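Student: Can you read through this structure? Questions will come right after.
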Amino acid sequence: MGGEDRDYLFGKTRMPLPAKEEIAEMVAAIIPWSDPISETPEAPYTSAGMQALLTPVSENPVHPPEQSVSENVVKIPLNPGKLPAGFTYWGQWIAHDIISPTHPAQNHYSSRQVSPALNMDSLYGESGSLPPHWLTDEQGFFRLPDNDWDCLRDNCGTPLLFEPRNNDNAIILQFHSQWQRIHNRILGSLCQSPERELPHLCEDVSWFRKAQQITVALFHHLVIHEWLPAILDRQVYDYYFSEQPPAVTILGSDEYISRVPYEFSHAAFRFGHSMVRETYKLRGNDSFTLHALLTHQAERGKAIPPIDWSLFFGEFAQEVQPINLIVVSGMGGIPVSRNIAERNIAAGMKAELMTVQECKQYLEGEYPELFKGCGLTMDDSESLLTELKMDPMNQASLFYTLHRENRLPLWPFLLAESSAQEDNPGHRMGKLGSVIIADVLLHAINAAKKQLFPLKETQQELAICLDQFSKQCGVENAASLTMSAILCKKE
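Each residue of the sequence shown is one higher than the one before, starting from 43 at the first, in my numbering.
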């Protein structure tokens, strides 16, 4: 398989799919406290419905005036090895950059053609084009409001974004706006003296492109050296992201693909739905429910505040929910017409994804060096089987039965695989899930490099720029740079 026709890493399943009753039982186990699956088919999105989903409620202020963090704020240290809550939305931002909307109607609300390259098109727009005047000023700085947290909005209060999905919730929206500000910081630093003015974009776009290159290189650096080491199985990470490139990958380094493979978009990279918390502290001691964050509405009379990013990254961050076969009930009532667990299982079945046994057999036969190098085996650990046998009420589970029959959908298996990890269970993906994520993201990063900075000399120059930016963030060099160092203000 190759070229534009490569929709899969492994291929389609040959096994019979679970029946409707079995799907309903799995969904009830994953989100046991949510509403049952509707008997009526999922209603299509309408323009009015989607616009309501993307637009804040007008009678509530978008944000209150910025407040200083109270001295009485209770900050609890993050337990060693646990994932900080910001990693959920960092992963969601990556997904929106490289995965096309999986609901067909959502395509009508995006102004970009989604590329499988991690080139930050969701921030900049399609590669190679000049940014529109509504997004940047004449010198290439993102137009932003007079605060340090929000993004530019139209007269109706709707955020002006190339990727509308980055308004799915208040956290990812503010994360997106922070990366607009990072670009502006980098572009501003390219002026070597206060007297120097950047040229008009129409006259010279090179300064904007340089800032874009540095911003993308910075994002890649953080993904490779902070996000992926925390998310992936250690042996899989070492295989894919050590100093020497991996000897064998599923997606060839020069292979062209027009979209990310379905195993990634319809199963493995949906692990983040299990990491979502029921409530989040955004600033101070005030907690906000998922409903408030998803609808951008006030909570108990308090509008969504500017986020204190130290609650999402760093030593005092909130933890994610463990990655396992449980999704919090708030995710069962997100403002769409279908339970998220049902949608994820149905997406994998519609794509006819292979089961875990089929995936492993394919890898062992076609890529034995990768199979061995990542520590994959055909056998299931006792901890994995135990995880599959148990549902929230500690009863024998359908997951185990379907797995024994080689009919278990890939997404719930990968959640169970993470929860059964010996190394930091529930806070690190298992081996098969890690292979899928690592292979696709390595290809996505390399594809972006070929587009934006293909020359080795350019990459060496960017490495120097990252060290310089790191010093501006108060760390010695890029090797010590973290998302916390960039986003979290020092008190």
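Glycine residues also receive a C-beta, built at the ideal position from the N, C-alpha and C atoms. As the structure is a computational prediction, the values presented were derived from the model and not from experiment.
1. Taking DSSP's pairing of strands, which residues face E361 in a bridge?
2. Would you kindly work out how many angstroms separate the C-alpha atoms of F495 and Q255, rounded to a whole number?
3. Can you name the start and end residues of the beta strand (DSSP E) that L324 belongs to?
4. Taking Cβ positions, are S164 and D139 nearer each other than 8 Å?
5. Suppose you measure from the CA of S522 to the CA of E268; what does that come to, to the nearest Å?
6. So what does F32 bridge to, in DSSP terms?
7. With burial defined as no fewer than 16 other Cβ atoms inside 10 Å of the residue's Cβ, what is the status of Q502: buried or exposed?
8. Check whether chain D comes within 8 Å of T428, counting only Cβ atoms and requiring the distance to be less than that.
9. By the 10 Å Cβ neighbour count, where 16 or more other Cβ atoms means buried, how is N161 classified, buried or exposed?
10. By how many angstroms is the C-alpha of K531 removed from the C-alpha of D350?
11. Would DSSP call D296 helix, strand or coil?
12. Per DSSP, which one or two residues make a beta bridge with T331?
13. Could you check the C-alpha separation between V370 and E320 for me, to the nearest Å?
14. Give a yes or no on whether the C-beta atoms belonging to L452 and T500 are separated by under 8 Å.
15. Quick test of the definition: if touching needs 3 or more C-beta pairs under 8 Å, does the stretch 259 to 275 touch the stretch 474 to 494?
16. From S329 to H315, what distance separates their C-alpha atoms?
17. Alpha carbon to alpha carbon, how far is L16 from A489?
18. Less than 8 Å between the CB atoms is what I'm expecting for F355 and L529, so what's the real figure, rounded?
19. For the alpha helix (DSSP H) holding Q277, just list the boundary residues, first then last.
20. Please report the straight-line C-alpha distance between V517 and I506, rounded to a whole angstrom.
21. Given a cut-off of 8 Å on the beta-carbon distance, is the pair L215 and P201 in contact?
22. Based on the DSSP secondary-structure assignment, which residues constitute the bridge partners of K344?
23. When burial is assigned at 16 or more other CB atoms within 10 Å of the CB, is C244 buried or exposed?
24. Quick check: the Cα distance between A393 and F311, rounded to an integer number of angstroms?
25. Tell me the residue span of the alpha helix (DSSP H) that contains L243.
26. To which residues of the same chain is I118 closer than 6 Å at the C-beta, ignoring the five residues directly before and after it?
27. In whole angstroms, what separates the C-alpha of I346 from that of E411?
28. Let me know if N211 comes out buried or exposed under the rule of 16 or more other beta-carbons within 10 Å of its beta-carbon.
29. Check whether the stretch 56 to 65 and the stretch 381 to 393 touch, using three or more Cβ-Cβ pairs below 8 Å as the test.
30. Closer than 6 Å by C-beta to E361: which residues in its own chain qualify, once you throw out the five before and the five after it? Chain order, please.
31. According to the neighbour-count rule (16 or more other Cβ atoms, all chains shown, within 10 Å of its Cβ), is N327 buried or exposed?
32. The alpha helix (DSSP H) spanning W221 covers which residue range?
33. So, with DSSP's three-state summary, where would you put R195?
34. In three-state terms, what does DSSP make of K117?
35. Alpha helix (DSSP H) containing Q399: first to last residue?
36. Who are the near neighbours of T209 in its chain, counting only those whose CB is closer than 7 Å to its CB and skipping five residues on each side?
Tutor: Here's the rundown:
1. Translated into the one-based positions of the sequence shown, residue 361 becomes position 319. Beta-bridge pairing by DSSP links E361 to P126.
2. Numbered from 1 along the sequence shown, position 453 holds the residue referred to as residue 495. Numbered from 1 along the sequence shown, position 213 holds the residue referred to as residue 255. One C-alpha to the other measures close to 7 Å.
3. Position 282 of the sequence shown holds residue 324. Counting along the chain, L324 sits inside the beta strand (DSSP E) bounded by residues T321 to R325.
4. Looking up residue 164 in the sequence shown gives position 122. Looking up residue 139 in the sequence shown gives position 97. In contact: S164 and D139 (Cβ atoms closer than 8 Å).
5. Walking along the sequence shown from the start, residue 522 turns up at place 480. Walking along the sequence shown from the start, residue 268 turns up at place 226. A straight line joining the alpha-carbon of S522 with that of E268 spans about 10 Å.
6. Any property of residue 32 remains undetermined from this structure, which presents the chain solely from 43 to 533.
7. By one-based count along the sequence shown, residue 502 stands at place 460. By the neighbour-count rule (16 or more Cβ atoms within 10 Å), Q502 is not buried but exposed.
8. Looking at the structure shown, chain D is missing, and only one protein chain is on hand.
9. Looking up residue 161 in the sequence shown gives position 119. The residue is buried, with at least 16 neighbouring Cβ atoms inside 10 Å.
10. Counting from 1 along the sequence shown, the entry for residue 350 is found at position 308. Counting from 1 along the sequence shown, the entry for residue 531 is found at position 489. When rounded, the distance between both Cα atoms is 8 Å.
11. In the sequence shown, residue 296 corresponds to position 254, counting from 1. DSSP places D296 in coil when its eight states are reduced to three.
12. Position 289 of the sequence shown, counting from 1, holds the residue named residue 331. DSSP, once it has assigned bridges, lists T321 as partnering T331.
13. Here residue 370 is taken as the residue at index 328 of the sequence shown, counted from 1. Here residue 320 is taken as the residue at index 278 of the sequence shown, counted from 1. Linking V370 to E320 through their CA atoms gives a straight-line distance of about 6 Å.
14. Locating residue 452 in the sequence shown gives position 410, counting from the first residue. Locating residue 500 in the sequence shown gives position 458, counting from the first residue. The criterion of a C-beta distance shorter than 8 Å is not satisfied by L452 and T500.
15. These segments touch.
16. Along the sequence shown, read from residue 1 onward, the residue named residue 329 stands at position 287. Along the sequence shown, read from residue 1 onward, the residue named residue 315 stands at position 273. Their backbone Cα atoms lie some 20 Å apart in a straight line.
17. Limits of the chain in this structure are 43 at one end and 533 at the other, which puts residue 16 out of reach.
18. Numbered from its first residue, the sequence shown carries residue 355 at position 313. Numbered from its first residue, the sequence shown carries residue 529 at position 487. The C-beta distance from F355 to L529 rounds to 6 Å, short enough to fall under 8 Å.
19. The residue you call residue 277 lines up with position 235 of the sequence shown. That run of the alpha helix (DSSP H) goes R276 to F283.
20. Locating residue 517 in the sequence shown gives position 475, where the first residue counts as 1. Locating residue 506 in the sequence shown gives position 464, where the first residue counts as 1. Taking the straight line from one Cα to the other gives about 14 Å.
21. Position 173 of the sequence shown, counted from the first residue, corresponds to residue 215. Position 159 of the sequence shown, counted from the first residue, corresponds to residue 201. Contact flag set, yes.
22. Along the sequence shown, read from residue 1 onward, the residue named residue 344 stands at position 302. Note: K344 sits in a beta bridge opposite E341.
23. Position 202 of the sequence shown, counting from 1, holds the residue named residue 244. Exposure of C244 is indicated by the presence of fewer than 16 other C-beta atoms within 10 angstroms of its C-beta.
24. Position 351 of the sequence shown, counting from 1, holds the residue named residue 393. Position 269 of the sequence shown, counting from 1, holds the residue named residue 311. Counting only the Cα atoms, F311 lies some 15 Å from A393.
25. Within the sequence shown, residue 243 is the residue found at index 201, counting from 1. Here L243 belongs to no alpha helix (DSSP H), and DSSP marks it neither H nor E.
26. Looking up residue 118 in the sequence shown gives position 76. Apart from the 5 residues on each side of it in sequence, I118 has no Cβ closer than 6 Å to any other Cβ in its chain.
27. Residue mapping note: residue 346 aligns to position 304 of the sequence shown, counting from 1. Residue mapping note: residue 411 aligns to position 369 of the sequence shown, counting from 1. Going by the C-alpha atoms only, they are around 50 Å apart.
28. Reading the sequence shown from its first residue, position 169 is the one you call residue 211. The residue is buried, with at least 16 neighbouring Cβ atoms inside 10 Å.
29. Yes, the stretch 56 to 65 is in contact with the stretch 381 to 393.
30. As a first step, residue 361 is located in the sequence shown; it is residue number 319 there, counting from the start. Excluding sequence neighbours, E361 sits near K124.
31. Position 285 of the sequence shown, counted from the first residue, corresponds to residue 327. The residue in question, N327, is exposed, as its Cβ has fewer than 16 Cβ neighbours within 10 Å.
32. For the purposes of this step, residue 221 is taken as the residue at position 179 of the sequence shown. If you look at W221, you'll find it in the alpha helix (DSSP H) that goes A212 to S231.
33. For the purposes of this step, residue 195 is taken as the residue at position 153 of the sequence shown. DSSP places R195 within a strand segment (E or B) once states are collapsed to three.
34. Here residue 117 refers to the residue found at position 75 of the sequence shown. In the three-state reduction of the DSSP assignment, K117 falls in the coil class.
35. Mapped onto the sequence shown, residue 399 falls at position 357. Its alpha helix (DSSP H) spans residues V398 to E408.
36. Residue numbering aside, residue 209 sits at position 167 when the sequence shown is read from its first letter. Note that residue 209 is Asn in the sequence shown, not Thr. If we look at N209 and ignore the five residues flanking it on each side, its Cβ neighbours are L96, P201, L203 and L215.
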